[in-house]
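Trainee: Protein sequence lines correspond, in order, to chains W and C.
Okay, so the first sequence: first residue is 8 according to our numbering, each after it adds one.
Okay, so the second sequence: first residue is 13 according to our numbering, each after it adds one.
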Amino acid sequence: MIHVKIIHRILGVLLLIEAGILLLCALLPLFYGENDLFGFIMGSLLAACFGLLQMMIGKSARNREGAMSRRDGYIVVAISWVLFSVFGSLPYYVSGYIPSFTDAYFETMSGFTTTGATILNDIEAMPHGLLFWRSLTQWIGGLGIVFFTVAVLPIFGVGEVQLFAAEAIGPTHGKLHPRISVSGRWIITVYVLITLLCAVSLRLCGMGVFDSVNHALCTAATGGFSTKNASIAYFNSHSVEYVITFFMFLSGINYGLLFFVAFRGKLRKLTEDTEFKWYLTITLLFTAIIAISLYISTPYNGGASVRNALFHVTAIITTTGFTTTDYTLWPPFIWMLLGLAMYFGACAGSTSGGMKSIRIAILFKSMRNEFNRILHPNAVLPVRVSGKVIPPATKQSVLTFSVFFFALVFLGWFFYLAIGIDIADAYGTSLACLSNIGLTIGDHGCNISWGDMPAIGKWFSTFLMLVGRLEVFSVLLILTPSFWKHR
Amino acid sequence: MRIVIAGAGNVGTHLAKLLAGENQDIILIDESEDKLSRMDSSFDLMTIQESPVSLYGLKEAGAGAADLFVAVTPDESRNLISCQLAHFLGAKKTVARIDNYEYLQPKNKEYFSSIGVDSLIYPEMLAAKDIVDGMKLSWIRQWWEFAGGALVMMGIKLRDNAQILDKPLAELGKELPYHIVAILREGETIIPSGNDTMQAGDLVYFMTMKKHIPHIRKIAGKEELPDVRDVIIMGGSRIAVRTAQLVPDYMNLKIIESDINRCNRLTELVEDRVMIINGDGRDPSLLMSEGIQHTEAFVALSDNSETNILACLAAKRFGVTKTIAEVENIDYINMAEKLDIGTVINKKKIAASHIYQMMLDADVTNVKCLTFANADVAEFNVMEGAKITRSLVKDISLPRGVTIGGLIRDKEAILVTGSTQIQPGDHVVVFCLEGMIKTIEKYFN
Numbered sequence: 008m009i010h011v012k013i014i015h016r017i018l019g020v021l022l023l024i025e026a027g028i029l030l031l032c033a034l035l036p037l038f039y040g041e042n043d044l045f046g047f048i049m050g051s052l053l054a055a056c057f058g059l060l061q062m063m064i065g066k067s068a069r070n071r072e073g074a075m076s077r078r079d080g081y082i083v084v085a086i087s088w089v090l091f092s093v094f095g096s097l098p099y100y101v102s103g104y105i106p107s108f109t110d111a112y113f114e115t116m117s118g119f120t121t122t123g124a125t126i127l128n129d130i131e132a133m134p135h136g137l138l139f140w141r142s143l144t145q146w147i148g149g150l151g152i153v154f155f156t157v158a159v160l161p162i163f164g165v166g167e168v169q170l171f172a173a174e175a176i177g178p179t180h181g182k183l184h185p186r187i188s189v190s191g192r193w194i195i196t197v198y199v200l201i202t203l204l205c206a207v208s209l210r211l212c213g214m215g216v217f218d219s220v221n222h223a224l225c226t227a228a229t230g231g232f233s234t235k236n237a238s239i240a241y242f243n244s245h246s247v248e249y250v251i252t253f254f255m256f257l258s259g260i261n262y263g264l265l266f267f268v269a270f271r272g273k274l275r276k277l278t279e280d281t282e283f284k285w286y287l288t289i290t291l292l293f294t295a296i297i298a299i300s301l302y303i304s305t306p307y308n309g310g311a312s313v314r315n316a317l318f319h320v321t322a323i324i325t326t327t328g329f330t331t332t333d334y335t336l337w338p339p340f341i342w343m344l345l346g347l348a349m350y351f352g353a354c355a356g357s358t359s360g361g362m363k364s365i366r367i368a369i370l371f372k373s374m375r376n377e378f379n380r381i382l383h384p385n386a387v388l389p390v391r392v393s394g395k396v397i398p399p400a401t402k403q404s405v406l407t408f409s410v411f412f413f414a415l416v417f418l419g420w421f422f423y424l425a426i427g428i429d430i431a432d433a434y435g436t437s438l439a440c441l442s443n444i445g446l447t448i449g450d451h452g453c454n455i456s457w458g459d460m461p462a463i464g465k466w467f468s469t470f471l472m473l474v475g476r477l478e479v480f481s482v483l484l485i486l487t488p489s490f491w492k493h494r
Numbered sequence: 013m014r015i016v017i018a019g020a021g022n023v024g025t026h027l028a029k030l031l032a033g034e035n036q037d038i039i040l041i042d043e044s045e046d047k048l049s050r051m052d053s054s055f056d057l058m059t060i061q062e063s064p065v066s067l068y069g070l071k072e073a074g075a076g077a078a079d080l081f082v083a084v085t086p087d088e089s090r091n092l093i094s095c096q097l098a099h100f101l102g103a104k105k106t107v108a109r110i111d112n113y114e115y116l117q118p119k120n121k122e123y124f125s126s127i128g129v130d131s132l133i134y135p136e137m138l139a140a141k142d143i144v145d146g147m148k149l150s151w152i153r154q155w156w157e158f159a160g161g162a163l164v165m166m167g168i169k170l171r172d173n174a175q176i177l178d179k180p181l182a183e184l185g186k187e188l189p190y191h192i193v194a195i196l197r198e199g200e201t202i203i204p205s206g207n208d209t210m211q212a213g214d215l216v217y218f219m220t221m222k223k224h225i226p227h228i229r230k231i232a233g234k235e236e237l238p239d240v241r242d243v244i245i246m247g248g249s250r251i252a253v254r255t256a257q258l259v260p261d262y263m264n265l266k267i268i269e270s271d272i273n274r275c276n277r278l279t280e281l282v283e284d285r286v287m288i289i290n291g292d293g294r295d296p297s298l299l300m301s302e303g304i305q306h307t308e309a310f311v312a313l314s315d316n317s318e319t320n321i322l323a324c325l326a327a328k329r330f331g332v333t334k335t336i337a338e339v340e341n342i343d344y345i346n347m348a349e350k351l352d353i354g355t356v357i358n359k360k361k362i363a364a365s366h367i368y369q370m371m372l373d374a375d376v377t378n379v380k381c382l383t384f385a386n387a388d389v390a391e392f393n394v395m396e397g398a399k400i401t402r403s404l405v406k407d408i409s410l411p412r413g414v415t416i417g418g419l420i421r422d423k424e425a426i427l428v429t430g431s432t433q434i435q436p437g438d439h440v441v442v443f444c445l446e447g448m449i450k451t452i453e454k455y456f457n
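1. Please confirm if C/GLU45 has its CB atom under 7 Å from at least one CB of chain W.
2. Consider the C-beta atom of W/PHE139 and the heavy atoms of the ligand COA; say whether any pair is separated by less than 6 Å.
3. Just checking: is the beta-carbon of W/ILE187 within a distance shorter than 7 Å of some beta-carbon in chain C?
4. Kindly indicate the opening and closing residues of the alpha helix (DSSP H) around C/THR279.
5. Is the Cβ-Cβ distance between C/ASP56 and C/ALA75 less than 7 Å?
6. Which residues of chain W have a Cβ atom closer than 9 Å to the Cβ of C/ILE465, listed in chain order?
7. Per DSSP, what kind of secondary structure is C/THR220 in: helix, strand or coil?
8. So is W/PRO461 in contact with chain C if we call contact Cβ pairs under 7 Å?
9. When you compare the segment 409-416 of chain W with the segment 293-301 of chain W, are there three or more beta-carbon pairs, one atom per stretch, that lie closer than 8 Å?
10. Got a sec: is the Cβ-Cβ distance from C/ILE38 to anything in chain W below 7 Å?
11. Per DSSP, which one or two residues make a beta bridge with C/ALA309?
12. Can you tell me whether W/LEU60 is buried or exposed, with buried defined as 16 or more other CB within 10 angstroms of its CB?
13. By how many angstroms is the C-alpha of C/ALA327 removed from the C-alpha of C/ASP42?
14. Measuring only between beta-carbons, confirm whether C/ALA53 sits less than 7 Å from chain W.
15. Who does C/GLY167 pair with in a DSSP beta bridge?
16. What do you reckon, are the CB atoms on C/CYS324 and C/THR335 nearer than 7 Å?
17. Among residues of its own chain, excluding the 5 on either side of W/ILE485, which ones have a beta-carbon nearer than 7 Å to its beta-carbon?
18. Just the C-alpha distance for C/VAL376 and C/SER314, rounded to the nearest angstrom, thanks.
19. Quick one: residues in its chain with C-beta nearer than 7 Å to the C-beta of W/PHE351, no 5 flanking neighbours on either side, listed in chain order?
20. Can you tell me which of W/LEU29, W/ARG78 and W/LEU336 puts its alpha carbon nearest to the alpha carbon of W/ILE9?
21. Could you confirm whether any beta carbon from chain C is found closer than 7 Å to the beta carbon of W/PRO398?
22. Once DSSP output is grouped into helix, strand and coil, what is the label at C/PHE443?
23. Using a Cβ-Cβ cutoff of less than 8 Å, which residues in the same chain neighbour C/LYS148 once the five nearest sequence positions on both sides are dropped?
24. If we define contact as Cβ-Cβ less than 7 Å, is C/ASP56 a contact residue for chain W?
25. Which residues bound the beta strand (DSSP E) around C/GLN211?
26. Leaving aside the five residues before and after W/ASP110 along the sequence, list all residues of the same chain whose C-beta is less than 6 Å from its C-beta, in chain order.
27. Within 10 Å of its beta-carbon, does C/GLN305 have 16 or more other beta-carbons around it, so buried, or fewer, so exposed?
28. Which residue's Cα is closest to the Cα of C/HIS439: C/ASN393, C/PHE456, C/GLY430 and C/ILE452?
29. Please give the ranges of any beta strand (DSSP E) in the segment 76-161 of chain C, keeping only runs that are unbroken, at least 3 residues long and fully inside the region.
30. Would you report the Cα separation of W/ASP129 and W/SER107, rounded to the nearest angstrom?
31. Opposite C/ARG421 in the DSSP bridges: which residues?
32. Tell me C/ILE288's beta-bridge partners as DSSP assigns them.
33. For W/ARG141, does the count of other Cβ atoms within 10 angstroms reach 16, so buried, or fall short, so exposed?
34. For C/ARG14, which three-state DSSP category applies?
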């Protein structure tokens with residue numbers, strides 16, 4: 008059953024919240040005396056009108072437990088991401104700073120999905136208000152648009168379970184608290200705390216207030232938008248790089264675990280967690296290999312090798328996508344390692360994209376079991392995660408997910424080749440969008456100029472970003488015919 | 013309230029669904045991943061896949077901080093152990109489902125609380141009680157008591173001979189000794205206003221006081237129905253034994269059981285005034301020879317839900333006025349009700365609602381809630397300065413689909429009409445369509 012009225016109503020409420028956030032952002036142009044005020048006002052106004060219209064359509068929907076089906080949840084989540092991006096792009100478009108709507112939409116979707124790919128060639132020419140809105144889109148999208156709005160403002164009272172399930176990240180859902188709204192609030196608390204700590208640390212490292220806030224928002228969201236053309240390299244400060252590395256890594260950990268460590272003092276939960284161990288090991292292993300090869304093959308000294316390796320491995324594994332230097336100038340061997348890390352992603356239940364370490368762990372353990380099965384044909388071989396045997400259905404869905412993920416990367420690769428992008432860049436672009444990294448690998452540098460891509464390529468990129476952000480199935484599901492049958 | 017439910021069987025899941033709708037913190041613990049995953053993905057609760065009798069599992073589920081611990085696995089000894097462990101961990105109150113009548117005896121209560129089991133529920137006992145209540149007032153389909161019995165609500169199926177048909181409610185007169193709170197017509201629930209009428213075939217819910225019950229029986233056209241004196245029970249199950257122990261002396265009971273060994277055992281379990289007959293309860297000639305035509309109530313309690321439903325339909329053909337069927341298959345309940353079987357008994361549902369009621373009684377919050385026929389019943393304590401107290405009931409524009417049934421003031425029950433003035437401190441019983449509780453809550457706070 009699809010309940011059109013309930014869907015309209017929830018979308019209406021969500022849009023009203025976006026209108027409110029846009030209106031708050033309009034304070035910045037007033038404060039800095041810049042000319043992007045009209046863009047925010049228009050964006051807010053249109054979002055509010057459309058939101059009210061939706062609420063009117065859905066007014067008579069009965070607010071009843073169990074009235075919302077799983078299908079409704081998936082539809083609401085998919086549509087709200089698209090609608091948020093449409094209305095979120097209005098400030099750029101109306102104020103004239105991004106004159107093409109395609110570009111404005113690309114920039115916003117790249118923001119909400121925390122991809123961090125930008126069509127802007129001169130970021131520093133943007134007014135403060137738009138720069139802040141750009142960072143804020145990442146922060147809102149970091150934990151998921153619907154999750155963020157529903158957890159901050161528990162206004163629906165119904166359907167939260169369905170909504171969260173449709174937007175949830177990761178193959179297994181451990182709940183923190185019996186009630187989903189309470190868990191949501193706990194997670195948001197961790198998120199806000201990380202952001203605040205990051206902003207304060209960056210300020211202490213000598214960054215300006217505006218820049219530290221913006222970078223903190225994008226770091227906690229593992230988004231990767233910077234207010235500077237040269238990204239983090241602009242600040243030319245080792246301490247800034249280390250601080251950002253630390254907070255990127257922190258934001259890549261499951262927020263539920265962080266909550267238990269920070270507020271319940273259960274450090275053991277972290278050390279017992281299979282996914283965290285894999286995440287840490289992969290990060291350290293890749294850093295070590297890359298640092299050594301940098302030391303051997305480039306003029307970097309020891310400290311610089313380690314720093315650069317650590318920064319970029321973390322930025323890519325957490326799918327943040329900050330840079331301090333163009334790593335495609337390093338030996339191609341290293342690109343391939345980074346390219347591999349792009350698939351991995353950090354932990355499920357964090358703000359990062361990619362396939363997530365837990366799936367990698369389950370994949371590897373399943374593979375190992377296949378080998379064991381050849382040696383011991385009658386053995387019953389379980390896959391354990393954090394000491395618990397995972398059910399076969401979870402294993403199955405992880406395998407299916409991985410196949411889909413690879414297939415989509417290849418599909419994207421073909422598509423970009425078809426519209427005339429070089430073979431290496433096309434692969435890197437496809438992976439950068441699907442994993443929500445925004446950094447690519449290829450002959451044209453890690454920050455290819457997305458602005459030069461044909462319009463159809465930009466629209467396709469936004470699609471890949473959304474598919475990657477909502478973990479493949481949520482979006483593909485509503486594109487299947489059977490989803491719409493038997494209404 | 014933090015409520016831990018051990019066992020995700022029919023009782024456990026039914027209870028969890030009821031409570032999750034009430035914004036309680038529900039943790040469901042069971043060993044079966046299959047049973048849990050279905051609940052986890054569609055209801056606002058947490059599931060823990062562990063054994064209900066493992067200390068580790070109970071700790072994981074937070075049984076130590078639980079306000080209420082409910083053990084409803086199919087096995088009574090596991091339930092008792094589970095409750096003991098939860099009590100040991102620090103659960104405030106524990107409830108175990110049991111299958112043994114001896115445990116329920118008052119003299120054993122102290123022993124069970126000493127080992128950490130605060131309450132016991134015995135679904136067969138509760139079911140037997142429901143059956144006997146249903147037979148005592150055979151013309152009533154459903155029956156609820158509010159505020160300790162001061163107000164009662166009853167669901168009655170109206171036939172052509174009722175006196176109050178086809179008249180708008182407003183024309184029935186003022187100062188009626190009853191209040192019609194809901195009408196169930198062809199599967200649709202109507203919360204009536206003054207313009208609505210009652211029609212033959214409607215299931216009408218009356219709110220009234222106990223002293224007015226004879227009057228309602230008269231206007232509902234149920235006076236000529238004979239009281240139940242002769243009862244035939246098909247199937248000598250444990251419920252049948254409990255029922256036999258509970259029926260009042262004026263009723264004559266016959267139990268038909270096909271297994272001769274069970275029959276012999278039954279003769280030891282029940283008193284002499286109950287006749288045990290060995291045979292198949294579905295056999296018309298046997299029923300005829302046992303005088304089914306002169307029997308007022310037929311109760312089908314065999315292990316098989318389908319058999320029970322069919323046997324009741326057959327009994328109806330013989331002219332039995334009250335039929336009661338035990339239907340353990342939850343999916344069949346609606347169907348059985350549609351087939352006009354007087355009362356449908358489901359042990360699991362009864363057990364779940366009983367625990368639910370226990371929880372409500374223990375809860376100090378304002379709203380109590382009960383769902384019947386797609387409508388919610390809520391009890392409110394009216395606050396000082398609440399919106400509802402500002403004028404007469406008819407002058408307050410209550411939303412459509414809401415009606416105030418009655419209230420308790422100074423321990424006295426009053427039925428509410430348009431000209432009633434509600435005062436702070438009143439305890440009000442409100443009826444509304446499902447999901448409207450939140451909307452009407454603001455009128456009372």
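Ideal placement from N, C-alpha and C gives every residue a C-beta, glycine not left out.
Fair warning: this is a prediction, and the values are worked out from it, not measured in the lab.
Mentor: So, from the listed chains and residues:
1. Yes, contact with chain W.
2. Questions concerning the ligand COA fall outside what the structure shown contains, since it holds no ligand whatsoever.
3. Yes, its Cβ sits closer than 7 Å to a Cβ of chain C.
4. Start and end: 272-281.
5. No, they are not a contact pair.
6. With chain C covering only 13 through 457, there is no way to say anything about residue 465 of chain C.
7. For C/THR220, the secondary structure class from DSSP, reduced to helix, strand or coil, is strand.
8. With 7 Å as the cut-off, W/PRO461 does not count as an interface residue toward chain C.
9. Cβ pair count under 8 Å is below three, so no.
10. Answer yes: the Cβ-Cβ gap between C/ILE38 and chain W drops below 7 Å somewhere.
11. C/VAL243 and C/LYS334, per the DSSP bridge assignment.
12. W/LEU60 comes out exposed.
13. The straight-line gap from Cα to Cα measures roughly 41 Å.
14. It is Ser, not Ala, that sits at residue 53 of chain C in the sequence shown. Yes - at least one Cβ of chain W is within 7 Å of the one on C/SER53.
15. Bridge partners of C/GLY167: C/GLN154 and C/TYR217.
16. Going by C-beta atoms, C/CYS324 is nearer than 7 Å to C/THR335.
17. Cβ within range, chain order: TYR81, ILE82 and ALA85.
18. Note that C/VAL376 scores a pLDDT of 42, beneath 50, so its modelled location is shaky; the value from the coordinates is reported in the next line. Pairing C/VAL376 with C/SER314, the inter-Cα distance amounts to about 40 Å.
19. The residues are ILE289, ILE324, GLY361, MET362, SER364 and ILE367.
20. The shortest Cα separation from W/ILE9 among W/LEU29, W/ARG78 and W/LEU336 belongs to W/ARG78.
21. So, interface residue.
22. Reduced to three states, the DSSP call for C/PHE443 is strand.
23. Counting only Cβ-Cβ distances below 8 Å, and skipping sequence neighbours, we find VAL240 and PRO260.
24. C/ASP56 counts as touching chain W.
25. Bounds of any beta strand (DSSP E) do not take in C/GLN211, whose DSSP letter is neither H nor E.
26. If you ignore the 5 residues before and after W/ASP110, its C-beta comes within less than 6 Å of the C-beta of ILE126, all in its own chain and listed in chain order.
27. Counting Cβ neighbours within 10 Å, C/GLN305 comes out exposed, since fewer than 16 surround it.
28. Nearest in C-alpha terms to C/HIS439, of all of C/ASN393, C/PHE456, C/GLY430 and C/ILE452, is C/ASN393.
29. 80-83, 106-109, 131-133 and 154-158, all fully within the segment 76-161 of chain C.
30. Near 15 Å, if we compare the C-alpha coordinates of W/SER107 and W/ASP129.
31. Note: C/ARG421 sits in a beta bridge opposite C/GLU424.
32. Looking at the DSSP output, C/ILE288 bridges to C/ILE267.
33. Buried, since its Cβ has 16 or more Cβ neighbours within 10 Å.
34. In the structure shown, C/ARG14 sits in a strand (DSSP, three-state: E or B).
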